[in-house]
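Participant:
Numbering (full-length UniProt numbering), first residue to last: 1 to 106.
1. By alpha-carbon positions, which one of 54, 13, 19 and 33 ends up nearest to residue 74?
2. In its own chain, which residues sit with a C-beta less than 6 angstroms from the C-beta of residue 21, not counting the 5 before and 5 after it?
3. Taking the straight line between their C-alpha atoms, what separation do you get for residue 87 and residue 54?
4. Quick one: Cα of residue 95 to Cα of residue 26, how far?
5. Taking the C-alpha atoms as reference points, what is the distance between residue 100 and residue 85?
6. Use the C-beta contact count for residue 42: other C-beta atoms within 10 angstroms, 16 or more gives buried, fewer gives exposed.
7. Suppose the cutoff is 7 angstroms on Cβ atoms and the five residues either side in sequence are ignored; what does the same chain contact list for residue 109 look like?
8. Just curious, the beta strand (DSSP E) that residue 62 is in, first and last residue?
9. Excluding sequence positions up to five away, which residues of its chain have a Cβ less than 8 angstroms from the Cβ of residue 103?
10. What does residue 74 pair with, by DSSP beta-bridge criteria?
11. Among residues of its own chain, excluding the 5 on either side of residue 15, which ones have a beta-carbon nearer than 6 angstroms to its beta-carbon?
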């Protein structure tokens with residue numbers, strides 16, 4: 001790579017209003033989805049780079065529970081159909097997580 005390193009993660013602290021449910025979200029630099037409804041937005045190619053041109057909404061479609069107690073959310077972009085997975089955050093709405101586990105539409 002000619003000595004150039006591409007930074008794969010960029011911490012960007014941003015607050016936002018969720019485009020799905022309208023919740024005001026105070027970002028911490030790692031926030032990548034709405035803690036209320038769990039929806040996200042397709043804005044990154046690599047975490048924090050905001051380089052994705054799609055900007056579609058990312059629908060949470062399933063969740064995986066790990067024995068460690070963590071949840072991984074699986075998303076599909078409603079615009080370009082790209083898929084991504086992210087870990088849930090400690091402040092995520094437990095009712096929304098339970099609904100997703102039970103395969104209810106969010």
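We treat Cβ as the ideally placed atom computed from N, Cα and C, and that holds for glycine.
Facilitator: With the given structure in hand:
1. 33
2. 36 and 37
3. 22 angstroms
4. 20 angstroms
5. 14 angstroms
6. buried
7. Past the edges of the chain, shown from 1 to 106, lies residue 109, and the structure says nothing about it.
8. 57-65
9. 62
10. 62 and 85
11. 26 and 27
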